[in-house]
Amino acid sequence: MVNTTGVEPAHGGASPRVSGGALPLASLNHISVVCRSLQSSLSFYRDVLGFVQIRRPGSLNFDGAWLFNHGIGIHLLQAEDPASMPPVKTEINPKDNHISFQAESMDAVQRRLKELGIKYEHRRVEEGGLFVDQLFFHDPDGFMIEVCTCDNLPVVPLLPEGYATLGMAQPAPAPAACKRPAAAAFKTQPAPVTVTPPPAPAAQCVPAMASGGSYVGEVEASIPACAMRSCPEHACMQA
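In case it helps, UniProt numbering puts the sequence shown at residues 1 to 239.
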């Protein structure tokens, strides 16, 4: 049973509306496909697409079959007058109505389609350096089937409220670029101060004193060698 809580009856025969927003839906449950041959379609969706046939309510008084896999149901309905159905489409048009399935290995899908002799068309979509591969083919009644790698593209809501609806965290806005130069750029840097050390005082030559207390410049033996080296010019010691 469908829960209609919050749905108000519309006036003037218009479609029902939900108080304060869209219909309170939970998920996609199934799609229905009217087919010329129930058995042919059952084999296709079971053997090609991997669906599993499940119990169908016995109260339904028309031919059909229910299948389920990949998180979705397929309800096949046997046409009451198959001859009145439109001709089966042979041209593959990716812009036609279709249902799409995500696949991990497109190579494996193409290889299996070739083994089964099913005609298909390959397309590739590029967006921002990301690539999505698509394979399109028909079921026995010409209904379009797509197998793709659409999960390569991120889901980006176009309106801010879309993030909350999808239960996604809205990314923080990028910080605005500052057009004013940093204040530090206007500060005047002090000129470097060079400190010049004072010149070293000139070495003074002090004649050595003899043991007797008098200055003797003529006796070299009484003058220590260090006194000679203390005077850079040695002029006073060259008497």
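Every residue, glycine too, gets a C-beta built ideally from N, C-alpha and C.
How is residue 83 classed by DSSP in three states: helix, strand or coil? Taking the sequence shown and counting its residues from 1, one reaches residue 83 at position 83. In this structure, DSSP gives residue 83 a helical state, which the three-state scheme calls helix.
Going by other Cβ atoms of all chains shown within 10 Å of its Cβ, with 16 needed for buried, is residue 147 buried or exposed? Looking up residue 147 in the sequence shown gives position 147. Result: buried.
Under 6 Å Cβ to Cβ from residue 121, same chain only, skipping five residues before and after it: list those, please. Here the question's residue 121 lines up with position 121 in the sequence shown. Closer than 6 Å at the Cβ level, and outside the excluded window around residue 121, lie 92 and 136.
So what does DSSP say about residue 94, is it helix, strand or coil? Here residue 94 is taken as the residue at index 94 of the sequence shown, counted from 1. In the three-state scheme derived from DSSP, where H, G and I count as helix and E and B as strand, residue 94 is classed as coil.
With 16 other Cβ atoms within 10 Å as the buried cut-off, status of residue 54: To locate residue 54, count along the sequence shown from 1; it is residue 54. It counts as exposed.
Quick one: what's got a C-beta closer than 6 Å to residue 125's C-beta in the same chain, skipping five residues either side? Taking the sequence shown and counting its residues from 1, the one referred to as residue 125 is at position 125. Result list for residue 125: 132, in chain order.
Spatial neighbours of residue 51 within its chain, please: C-beta separation below 8 Å, excluding the five flanking residues on both sides. Within the sequence shown, the letter at position 51 stands for residue 51. For residue 51, the CB contacts under 8 Å within the same chain, skipping 5 residues up- and downstream, are 45, 67, 68, 69, 70 and 74 in chain order.
Tell me which residue opens and which closes the alpha helix (DSSP H) that residue 104 is part of. Taking the first residue of the sequence shown as position 1, residue 104 is located at position 104. Boundaries for residue 104: no alpha helix (DSSP H) harbours it, and the DSSP string shows neither H nor E there.
For residue 65: DSSP bridge partner residues: Start at 1 with the first residue of the sequence shown, and residue 65 comes out as number 65. Answer is 76.
Give the list of continuous beta strand (DSSP E) stretches no shorter than 3 residues that lie fully inside the region 21-60. Runs of the beta strand (DSSP E) lying entirely within the region 21-60, each at least 3 residues long, are 30-35 and 52-54 in chain order.
What do you get for residue 141, buried or exposed, if any count of 16 or more other CB atoms within 10 angstroms of its CB means buried? For the purposes of this step, residue 141 is taken as the residue at position 141 of the sequence shown. Its Cβ being crowded by 16 or more others within 10 Å, residue 141 is buried.
Excluding five sequence neighbours on each side, which residues of the same chain lie with their C-beta closer than 7 Å to the C-beta of residue 34? The sequence position of residue 34 within the sequence shown is 34, counting from 1. Its chain contains 77 and 79 as the residues whose beta carbon lies nearer than 7 Å to that of residue 34, once the 5 sequence neighbours on both sides are disregarded; these appear in chain order.
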